[in-house]
Structures are given as structure tokens and as C-alpha cells.
Amino acid sequence: MRAIHKPKTRAERRYRRHLRVRQKVAGTEQRPRLVVFRSLKHVYAQLVDDDQCKTLVAVSDRTKELVRE
Numbered sequence: 010m011r012a013i014h015k016p017k018t019r020a021e022r023r024y025r026r027h028l029r030v031r032q033k034v035a036g037t038e039q040r041p042r043l044v045v046f047r048s049l050k051h052v053y054a055q056l057v058d059d060d061q062c063k064t065l066v067a068v069s070d071r072t073k074e075l076v077r078e
């Protein structure tokens, strides 16, 4: 008898996809990894050096220098 496959949640599928991509992609100091997160209202971006596990630069559209009044 075969086990019934339970569908994974969106979060679980996204996390597994994230792990697969991160195995292949890594940023260095010479060529950092660009990370972009889009929420429904805002956009966030980071440059990451994975060798030293550090964020080199982070910016978002909520940053005071970028916000239009």
C-alpha cells in the first residue's frame, strides 16, 4: 500500500526552493549576492558577502533619503 502524499504548504515549497538556489549561489566580497524582497507595499534590497556572512549594503524604498514627500 502506497502512502498518500500530503501536499506541502506554500511556505514549505518556497523554503525548499530557497535552499536549492542557495546551494548554487553564493556572494563574495568581489561579487556580492543581490537579495531583493518585495512586499505588497515596499521593496527591500541587500548586497551580501556570504564568505564573511555580512550584509554590505541595505536599502529600501522606505529609506529616508529615498522617500518622497
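Numbering (the working numbering), first residue to last: 10 to 78. Ideal Cβ positions, reconstructed from N, Cα and C, are used throughout, including at glycine. These figures come from a predicted structure and were not determined experimentally.
Assuming the contact rule is C-beta atoms closer than 8 Å, A35 and D70 should be a hit. Round their C-beta distance to whole Å, please. Translated into positions along the sequence shown, residue 35 becomes position 26. Translated into positions along the sequence shown, residue 70 becomes position 61. A35 to D70, Cβ: 27 Å. No contact.
So, helix, strand or coil for Q61, using DSSP? Counting from 1 along the sequence shown, the entry for residue 61 is found at position 52. Shown here, Q61 sits in coil according to DSSP, grouped into three states, outside any helix or strand.
Grab me the residues of L75's own chain with a C-beta within less than 7 Å of its C-beta, minus the 5 sequence neighbours each way, in chain order. Numbered from its first residue, the sequence shown carries residue 75 at position 66. Excluding positions up to five away in sequence, the list is empty.
Among V52, V44, Q39, E38, the one whose alpha carbon lies nearest that of R31: In the sequence shown, the residue the question calls residue 31 occupies position 22. The residue with the shortest Cα to Cα distance from R31 is V44.
Identity of the residue in R42, Q61, C62 nearest Q55 by Cα: The residue labelled residue 55 in the question sits at position 46 within the sequence shown. Checked all of R42, Q61, C62; the closest Cα to Q55 is R42.
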